[in-house]
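Numbering (the working numbering), first residue to last: 1274 to 1564. Glycine included, every Cβ here is placed at the ideal spot set by N, Cα and C.
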Amino acid sequence: KNAYKHPFQNSIMFWKWGGKNIKLYGKGVLNGNGQRWWNEFAGKEILDTTNAYLRPILFYAQNATNLDIQGVHFKDSPCWTNFVVTSKDISFKDVICTARSTNATALPKNTDFFDSLNVENLNVERAWVDIGDDCFSPKSNATNVHVDTMYCNGTHGQSIGSLGQYKGEMSFVKDVVIENVWMLNGQHGARLKTWAGPDIGYGFIDNVTFRNFWGGNNEYTAFIDSCYFNINATTCAQYPSRMNITNILFDNFTGYSSGKYGNAVAKLTCSTSKDAVCENIKFKDFNIKTP
């Protein structure tokens, strides 16, 4: 009852930052002591509407302008590591983010390095990430995003979204460049994810470039998923995503896949809705080997 709260995916937080010209510098550690939370959460799903066990986000900023974070180690967040909302001119540089469980039956689920809502002008440079979910994941209404030099181990990918979760809501992500990235031992490399189902929103993803990716032992190196989250094929066909996906470039990808899907190294599942567009999806110098 003492936590800060946000309605998006029923989020709670340890603390809240806001204001102008916020600087968090240093080489110290923000430790969320997530192991106990992960143990209690084992077997549950964050997006299950019946789940009553909420876990706090380690760092939360809202209504922030000129937020500058450098040199910090974010460790063992109970849930998402960073969540930035309704903010602009945000910078993360030379940061470390780790979340690894000592209990094989209690994974560090949903420990995304970075999530956002309604952000403009976001810059991430030189981040080392070893966690149990998305390495980077701007969500609804993000524009002018640049990621340069990121190492991701054991993650779910460099993910745009998920978008379109809430009925009747418009959401978008546009003008994004994610480059110079190492993706190792995870689910996916570059990923875009949008919701399908009877009660969804609408919007678009436009002008996103993934450039200079090296992948090692990932399932799909590039993945467009228009049937997120755990939506079966029948429901997805009946209620397809209403999100436009346009002008996406996968440029200069090298490395190897895990072989989980045989010779398939990418999967593009576009919406079948007459109200959604999926066009100008380009691959350039895409060289991923299979085992």
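Pull up the distance between the alpha-carbon of residue i and that of residue j, whole angstroms please.
i, j, result
"Thr1422", "Lys1555", "22 Å"
"Gly1532", "Val1538", "8 Å"
"Arg1328", "Phe1483", "31 Å"
"Gly1488", "Thr1527", "6 Å"
Going by DSSP, what residues sit across from residue i in a beta bridge?
i, result
"His1346", "Val1302, Ile1369"
"Ser1364", "Asp1341, Asn1396"
"Ala1495", "Ala1463, Ala1539"
"Trp1487", "Trp1455, Thr1527"
Are there 16 or more other CB atoms within 10 angstroms of the CB of residue i, so buried, or fewer, so exposed?
i, result
"Trp1310", "buried"
"Pro1564", "exposed"
"Glu1313", "exposed"
"Ala1377", "exposed"
"Trp1288", "exposed"
"Thr1542", "buried"
Comparing alpha-carbon positions, which option in the options lies nearest residue i?
i, options, result
"Leu1331", "Asn1396, Asn1383, Ile1473, Leu1457", "Asn1383"
"Asn1396", "Ile1363, Arg1328, Thr1322", "Ile1363"
"Trp1401", "Asn1414, Val1420, Cys1543", "Val1420"
"Asn1490", "Arg1484, Ser1530, Arg1464", "Ser1530"
"Leu1339", "Asn1306, Leu1303, Leu1297", "Reading the sequence as shown, one finds Asn at residue 1339 and not Leu. It is Leu1297."
"Ala1337", "Ile1433, Asp1548, Val1357", "Val1357"
With residue i as the anchor, note down where its alpha helix (DSSP H) starts and where it stops.
i, result
"Arg1309", "1308-1314"
Going by DSSP, what residue range makes up the beta strand (DSSP E) through residue i?
i, result
"Thr1508", "From DSSP, Thr1508 is part of no beta strand (DSSP E) but of the alpha helix (DSSP H) over 1506-1511."
"Val1449", "1443-1457"
"Pro1411", "1407-1411"
"His1461", "1461-1468"
"Tyr1529", "1516-1530"
"Val1418", "1415-1426"
"Cys1551", "1551-1562"
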